[in-house]
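Asks:
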Amino acid sequence: MGTLNKYILKQVAAASFMTVALFVFVLVVGNLVKEVMGDLAAGRMSIGFFLQIVALIIPGVIPYALPLGMLTGILLVFGRMSAQSEVVAIKACGRSIYTMAAPVFFLAICASLFSVAINFYYAPVADRTYKAALKNLIRNNPLQFIQPGSFIREFPGYVIYANSSDDGELVSFRIWELDAQGRAKVSIQSDRATLTFDDVSDEILLTLKNGSAERSRADDPESLRKPLPSARFDELVIKLPLNDIMGKIENGGTPLKRMNFQELMQARTTWHPRPPGETTPELAYRDRIQVQMQIQRNFAMAFSIFSMVVLAVPLGIKASRSETFANLAIALALALSYYLLIVLISWLEKYPHCRPDLLVWIPNLLFQSLGVILIWRSSKN
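Okay, so the sequence shown: first residue is 97 according to our numbering, each after it adds one.
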């Protein structure tokens with residue numbers, strides 16, 4: 097490898113590493129705020145467990161951070177080189193744009209292969225481990241999700257309140273069951289309550305002792321002018337499904353996005369998200385297309401790195417800007433265009449005869465074709 101190639105490779109690798117790290121940080125923070133930041137702030141998980149969750153989220157965001165980061169890094173490097181007339185000097189020495197782009201393409205291919213491994217192995221394994229860790233957190237100590245003196249709304253369809261806790265029990269406990277409009281249709285209060293976890297059904301069992309329940313009127317739930325129907329009980333058990341807690345943890349079969357490559361290949365003929373007797377030949381074909389769509393999407397997302405790099409090289413030279421903000425804006429615009437096309441094609445999963453599993457490669461082909469044309473034009477100027 098010549099001195100020029102080493103120089104470009106070093107510059108692009110350093111810039112891409114920094115920008116990929118930046119996008120990983122942004123995406124991880126976004127996931128943490130959405131998933132577990134509230135639980136950490138409420139004291140429901142330790143710092144050690146929180147750091148474990150951070151480590152498990154990182155593999156899932158790398159396939160998105162790599163294309164954005166490399167695209168931005170290349171725009172920064174080639175934009176600076178063009179703005180400082182380094183590209184003109186290189187061409188004056190008899191070197192073509194293809195020579196300048198060769199080390200960048202090599203780096204992009206390596207990153208794409210790395211992303212394939214992430215998409216088909218490390219990300220599914222990390223996602224499974226992440227969901228299992230959340231389940232274990234709830235299973236080991238379900239009581240930690242009820243903070244005395246605070247209204248708890250993490251359980252969809254319910255609002256929970258406890259005045260205090262005493263030796264593993266909640267004292268002066270109240271729970272409201274809500275209707276579709278968020279109005280209380282059932283109000284239950286008890287002297288004490290305990291929480292246990294049922295491993296068989298993956299449910300939190302809320303056992304209320306010595307209490308009463310009131311049901312609002314269906315025609316006018318908010319009316320309090322007349323006494324409401326009520327009943328007393330010595331003990332009442334309420335089941336709270338685990339998949340309603342902490343981001344709807346799925347139970348049952350493994351989702352396609354959490355399958356590795358071997359499992360996806362087997363799922364092409366065995367994966368049917370419904371009871372066996374309800375699967376018709378048409379539905380079986382749709383299921384197969386969904387599995388193939390997941391496989392092809394994983395490959396296409398991995399090689400989106402190469403597609404964006406092919407387009408970034410001529411755009412960086414053409415832009416001739418060294419400003420970080422301008423290059424970042426160009427990178428985000430290109431990435432948003434790519435992911436918008438992916439989303440539009442994903443909508444065709446409902447129409448398997450359109451073969452969305454093959455159409456998912458269209459954004460890559462468009463970006464690569466446009467990049468090749470721009471590189472050819474740049475080499476002529």
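Ideal Cβ positions, reconstructed from N, Cα and C, are used throughout, including at glycine. None of these values were measured; they are calculated from a predicted model.
Between the alpha carbons of N101 and M196, how many angstroms are there, rounded?
Replies: Here residue 101 is taken as the residue at index 5 of the sequence shown, counted from 1. Here residue 196 is taken as the residue at index 100 of the sequence shown, counted from 1. Each residue's Cα considered, the two are about 7 Å apart.
Asks: Counting along the chain, where does the alpha helix (DSSP H) carrying S465 start and finish?
Replies: Locating residue 465 in the sequence shown gives position 369, where the first residue counts as 1. Counting along the chain, the alpha helix (DSSP H) containing S465 begins and ends at 458 to 476.
Asks: Buried or exposed, going by whether 16 or more other CB atoms sit within 10 Å of the CB of M166?
Replies: Taking the first residue of the sequence shown as 1, we reach residue 166 at position 70. With 16 or more other Cβ atoms within 10 Å, it is buried.
Asks: Indicate the three-state DSSP secondary structure (helix, strand or coil) for W272 in the structure shown.
Replies: Taking the first residue of the sequence shown as 1, we reach residue 272 at position 176. Note: W272 maps to strand in three-state DSSP.
Asks: With a threshold of 16 other CB atoms inside 10 Å of the CB of G169, please say whether the residue is buried or exposed.
Replies: Sequence index remark: in the sequence shown, residue 169 carries index 73 (1-based). So G169 counts as buried.
Asks: Applying the 10 Å Cβ sphere with the 16-neighbour rule, what's the burial state of V468?
Replies: For the purposes of this step, residue 468 is taken as the residue at position 372 of the sequence shown. Exposed, since its Cβ has fewer than 16 Cβ neighbours within 10 Å.
Asks: Pick out the complete alpha helix (DSSP H) segments inside the stretch 169 to 231, 4 residues or longer, and give them in chain order.
Replies: Those alpha helix (DSSP H) runs which fall completely within the stretch 169 to 231 and span 4+ residues are 182 to 188, 193 to 213.
Asks: Among T290, V409, K335, which residue has its Cα nearest to the Cα of A204?
Replies: Indexing the sequence shown from 1 puts residue 204 at position 108. Of T290, V409, K335, the residue nearest in Cα terms is V409.
Asks: Opposite L432 in the DSSP bridges: which residues?
Replies: As a first step, residue 432 must be located in the sequence shown, where it is residue number 336. According to DSSP, which records beta bridges pairwise, L432 is partnered with nothing at all.
Asks: How many Å lie between V296 and R235 at the Cα?
Replies: Residue mapping note: residue 296 aligns to position 200 of the sequence shown, counting from 1. Residue mapping note: residue 235 aligns to position 139 of the sequence shown, counting from 1. About 12 Å.
Asks: Would you mind sorting V184 into buried or exposed? The rule is 16 or more other CB atoms within 10 Å of its CB.
Replies: Residue mapping note: residue 184 aligns to position 88 of the sequence shown, counting from 1. Looking at its Cβ environment, which holds fewer than 16 other Cβ atoms inside 10 Å, V184 is exposed.
Asks: Can you tell me where the alpha helix (DSSP H) with T303 in it begins and where it stops?
Replies: In the sequence shown, the residue the question calls residue 303 occupies position 207. Careful: T303 lies outside any alpha helix (DSSP H), inside the beta strand (DSSP E) at 299 to 311.
Asks: Could you tell me the distance, in whole angstroms, from the CA atom of Y217 to the CA atom of A207?
Replies: Locating residue 217 in the sequence shown gives position 121, counting from the first residue. Locating residue 207 in the sequence shown gives position 111, counting from the first residue. Whole-angstrom Cα-Cα distance: 15 Å.
Asks: Quick check on the DSSP output: the alpha helix (DSSP H) that includes L123 runs from which residue to which?
Replies: Stepping through the sequence shown from its first residue, residue 123 is reached at position 27. Per DSSP, L123 belongs to the alpha helix (DSSP H) from 99 to 131.
Asks: Just checking, does the stretch 398 to 413 make contact with the stretch 360 to 379 on the three C-beta pairs under 8 Å criterion?
Replies: Result no; under three Cβ-Cβ pairs closer than 8 Å.
Asks: Is F121 near the ligand COA, in the sense that its beta carbon is under 7 Å from a heavy atom of that ligand?
Replies: The ligand content of the structure shown is nil, which means the ligand COA is not present either.
Asks: Whole angstroms is fine: what's the gap from T115's alpha carbon to I438's?
Replies: Against the sequence shown, residue 115 aligns to sequence position 19. Against the sequence shown, residue 438 aligns to sequence position 342. The straight-line gap from Cα to Cα measures roughly 23 Å.
Asks: My output table needs one value for T366: the three-state DSSP class, helix, strand or coil.
Replies: As a working note, residue 366 is residue 270 in the sequence shown. T366: helix per DSSP, three-state reduction.
Asks: For P252, count neighbouring C-beta atoms within 10 Å of its own C-beta (all shown protein chains included) and say buried if the count is 16 or more, exposed if not.
Replies: Position 156 of the sequence shown, counted from the first residue, corresponds to residue 252. Exposed.
Asks: Taking just the CA atoms, how far does L147 sit from I271?
Replies: Taking the sequence shown and counting its residues from 1, one reaches residue 271 at position 175. Taking the sequence shown and counting its residues from 1, one reaches residue 147 at position 51. I271 and L147: Cα-Cα distance of roughly 33 Å.
Asks: Quick check on K344: buried or exposed, where buried means 16 or more other Cβ atoms within 10 Å of its Cβ?
Replies: Counting from one through the sequence shown, the residue named residue 344 turns up at place 248. For K344, the pLDDT reaches just 46, beneath the cut-off of 50, and the residue's location in the model is therefore unreliable, leaving the point undetermined.
Asks: When the Cα of A228 is compared with those of E273, R354, L128, I334, which residue comes out closest?
Replies: Counting from 1 along the sequence shown, the entry for residue 228 is found at position 132. Residue R354 is the option with its Cα nearest to A228.
Asks: Kindly indicate which three-state DSSP category Q392 falls into: helix, strand or coil?
Replies: In the sequence shown, residue 392 corresponds to position 296, counting from 1. Note: Q392 maps to helix in three-state DSSP.
Asks: Return the CA-CA distance between L209 and C189, expressed in angstroms with no decimal places.
Replies: Position 113 of the sequence shown, counted from the start, is the residue given in the question as residue 209. Position 93 of the sequence shown, counted from the start, is the residue given in the question as residue 189. Distance between the alpha carbons of L209 and C189: 33 Å.
Asks: With DSSP as the reference, label I154 as helix, strand or coil.
Replies: Within the sequence shown, residue 154 is the residue found at index 58, counting from 1. Helix.
Asks: Considering only their Cβ atoms, is the gap separating A111 from V173 smaller than 8 Å?
Replies: Position 77 of the sequence shown holds residue 173. Position 15 of the sequence shown holds residue 111. It is a contact, given that the beta carbons lie within the stated cut-off.
Asks: Could you tell me whether the Cβ atoms of A258 and I284 are closer together than 8 Å?
Replies: Numbered from its first residue, the sequence shown carries residue 258 at position 162. Numbered from its first residue, the sequence shown carries residue 284 at position 188. Not a contact, by the Cβ cut-off of 8 Å.
Asks: Alpha carbons only, please: which of W443, P448, L411 is nearest the one belonging to L430?
Replies: Position 334 of the sequence shown, counted from the first residue, corresponds to residue 430. Residue L411 is the option with its Cα nearest to L430.
Asks: Starting from L338, follow the alpha helix (DSSP H) in both directions and report where the run begins and ends.
Replies: In the sequence shown, the residue the question calls residue 338 occupies position 242. It is not in any alpha helix (DSSP H) - L338 carries neither H nor E in the DSSP assignment.
Asks: Under 6 Å Cβ to Cβ from I149, same chain only, skipping five residues before and after it: list those, please.
Replies: Reading the sequence shown from its first residue, position 53 is the one you call residue 149. Around I149: V132.
Asks: So which of D330, I186, P244, A151 has the shortest CA-CA distance to T303?
Replies: The residue you call residue 303 lines up with position 207 of the sequence shown. Here the closest residue by C-alpha is D330.
Asks: With L291 as the anchor, note down where its beta strand (DSSP E) starts and where it stops.
Replies: Stepping through the sequence shown from its first residue, residue 291 is reached at position 195. Here the beta strand (DSSP E) through L291 covers 280 to 294.
Asks: Grouping DSSP H, G and I as helix and E and B as strand, with all else coil, what is D453?
Replies: As a working mapping, residue 453 is identified with position 357 in the sequence shown. Three-state DSSP puts D453 in a helix.
Asks: Express the C-alpha separation of K335 and A280 in angstroms, rounding to a whole number.
Replies: Start at 1 with the first residue of the sequence shown, and residue 280 comes out as number 184. Start at 1 with the first residue of the sequence shown, and residue 335 comes out as number 239. Between A280 and K335, the C-alpha separation is close to 18 Å.
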